[in-house]
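In what follows, a single structure is set out as structure tokens and then discussed.
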Amino acid sequence: MVTQVISGTTVGIDGHKIIVETDIAGGVPAIIIVGLPDAAMNEARERIRGAFRNSNIDFPIHKVVINLAPADLKKEGSLYDLPMAVGILTANEDIDITKLEDTAFMGELSLDGSIRSVAGILPIVLGLKEHGIKRVFVPKDNQAEAALAEDIEVFGVSHLCEVLEFFSDENTEEPKLKPYKIDIKKYLQDNFDENPLFDFKDVKGQQKAKRALEIAAAGGHNILMVGSPGAGKTLLSKCFTGILPPLELSEAMELTKIYSISGLIEKDKPLVTKRPFRPVHHSASAVGITGGGSTPKPGEITLAHRGTLFLDEVVEFPRQVLEVLRQPLEDGVVTITRAQNSIRFPADFTLLAAMNPCPCGYYGDNSKECTCSPFQIQRYWSRLSGPLLDRIDIQINVPRLKEDELLSVSDGEPSKVIRERVIKARNIQLERFKDENIVCNSQMLPKQIKRYCALDDATKMVLKNAITKFNLSGRAYDRILKLSRTIADLDNSTKIETKHVLEAIQYRNLDRQ
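What follows is the structure, encoded as structure tokens:
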């Protein structure tokens, strides 16, 4: 008798349906798993045997063949333990196969029969829901995450015996297992961080840098801060997340899918409720940043999706590592190609980079003399390519504070107040782009720039002079227009005025130098 039990897997960040076929036939007792399994799945044979034995469940003394379909899709991980065990129970007629209609199973078995949590539950459940699955059984530690998928019943189980008891013919009473539910919108609202750990009110001085970061947050623009050691670049960067707008439900679900397949979801925090801030050390490899591996997994730029990727001392990163950022910065996705397939991961992040102006760190500093030669400074800056700098909308100097600024006791503007202005500007953009499939100004394509960034003759002349004087590229021209549109939104202006363009040009500091 051949039985079929439904499970799932992930490809990229999307879930796919897997059918676990089980056949018990004559022959030497053994468990044979086919269908392109990896090493972890072949080890499942011993986990399943141990789980049956220690749960006092009779294991068939026959040859058991398990096929994972479709056979051309590589199966990885231990989440198939539970569906394979259920498949053996149904083939052995311990469970009535008719009771498993539109039901899926996922989970790793321990030798004592208990069920451990696995990664990638949310995208799998969402994918199965699209295939018409109405009920899923997942490890108890994963039940809150799985319940984020609406309109599907989620049962959290902690032991193989619970599953057998639920489907047993002898179980005539009301089932002990009940569907787990969660109010997603309320959870997202309750877990929004109103008071971030790092607040702009605690940052002394640096008004220009704060203004630039506010514009970057309002329009989703990339930003590079250049300044001497101790100027406050890292502190400003940590405060940046406190002025970002709260996540929309769709964004939170997308982020949760990414963090789920990466195994970064905590059982008591099933939904990602904060925009990510991913600081990356300059020792990180290109694969670590973009993602990859034999079976591609998300890298840092995907984990920073809808949030911020922070590269401190950006010129210390190897040149080839920085260059891999160019395509994701332009397209908002990263494509990882392997011999068998090609996978796209979302990578719509804000790049926040910081660096010193020279190797010693004091070029242009008013208090300390630079010891670097012009050749050393030129070689230092050459680590950042022109095409990469072109993709950074805002480029500013962050000078060291003077004595009176350091000794000042007056508080600056709180992050909460700045965030309110950012949210108003983002709402303007959401309304503007509601039919455009984008959410902020930095994502505008040329046709949208032409439509929403119209200039009057006087403003065009100002921009024309800037292009001539600073030898701006076509991409830099587009970036200035996007930046001007964001500044106008913060000013609650429907049209881009000359003052908005002039301020945007000021933030192209490296072009002006």
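In terms of this note's numbering, the sequence shown opens at residue 1 and continues consecutively. Just so you know, even glycine gets a beta-carbon here, dropped at the ideal spot from N, CA and C.
Can you look up residue i in the DSSP assignment and give me helix, strand or coil?
i, result
"residue 166", "helix"
"residue 108", "strand"
"residue 423", "helix"
"residue 430", "helix"
"residue 415", "helix"
"residue 354", "strand"
"residue 331", "helix"
"residue 394", "strand"
"residue 102", "coil"
"residue 67", "strand"
"residue 502", "helix"
"residue 32", "strand"
"residue 179", "coil"
"residue 310", "strand"
"residue 236", "helix"
"residue 223", "strand"
"residue 485", "helix"
Here's the rule I'm using: 16 or more other beta-carbon atoms within 10 Å means buried, otherwise exposed. How should residue i be labelled?
i, result
"residue 267", "exposed"
"residue 294", "exposed"
"residue 61", "exposed"
"residue 240", "buried"
"residue 529", "Examination of residue 529 is not possible in this model, given that the chain is present from 1 through 513 alone."
"residue 403", "exposed"
"residue 468", "exposed"
"residue 249", "exposed"
"residue 101", "exposed"
"residue 516", "As shown, the chain starts at 1 and ends at 513. That puts residue 516 outside it, with no answer to give."
"residue 238", "buried"
"residue 253", "buried"
"residue 451", "exposed"
"residue 390", "buried"
"residue 207", "exposed"
"residue 407", "exposed"
"residue 348", "buried"
"residue 30", "exposed"
"residue 134", "exposed"
"residue 500", "buried"
"residue 331", "exposed"
"residue 120", "buried"
State the CB to CB distance for the pair residue i and residue j, rounded to an integer number of angstroms; the pair is presumed to be in contact (CB under 8 Å).
i, j, result
"residue 222", "residue 392", "5 Å"
"residue 490", "residue 218", "6 Å"
"residue 91", "residue 125", "That belief does not hold up - the Cβ atoms of residue 91 and residue 125 are roughly 25 Å apart, past 8 Å."
"residue 215", "residue 415", "Not quite, the Cβ-Cβ distance comes to about 15 Å (not below 8 Å), so this is no contact."
Across which residues does DSSP place residue i in a beta bridge pair?
i, result
"residue 156", "138"
"residue 15", "10"
"residue 75", "37"
"residue 116", "108"
"residue 4", "21"
"residue 371", "Per DSSP, none; premise fails for residue 371."
"residue 291", "298"
"residue 346", "333"
"residue 277", "308"
"residue 45", "None, per the DSSP bridge assignment."
"residue 269", "266"
Query raised in the report: Taking three-plus beta-carbon pairs below 8 Å as touching, is the segment 86-96 in contact with the segment 191-205?
Result: no
Task: Stretch pair the segment 319-327 + the segment 258-275: three plus CB contacts closer than 8 Å - done: no
Q. Are the segment 98-116 and the segment 43-55 touching by the rule of at least three beta carbon pairs closer than 8 Å?
A. yes
Query raised in the report: Within the chosen definition, does the segment 3-10 reach the segment 289-309 through at least 3 CB pairs nearer than 8 Å?
Result: The answer is no - the segment 289-309 does not touch the segment 3-10, with fewer than three Cβ pairs under 8 Å.
Is it a yes or a no for the segment 323-341 touching the segment 362-371, going by three-plus beta-carbon pairs under 8 Å? no
*the segment 350-363 contacting the segment 180-195, beta-carbon criterion three pairs below 8 Å*: Here the segment 350-363 does not lie against the segment 180-195, with fewer than 3 beta-carbon pairs under 8 Å apart.
Between the segment 440-456 and the segment 474-481, do at least 3 Cβ pairs fall closer than 8 Å? With the cut-off at 8 Å, the segment 440-456 and the segment 474-481 touch.
Are the segment 373-380 and the segment 328-342 in contact at 8 Å, needing three or more beta carbon pairs? no
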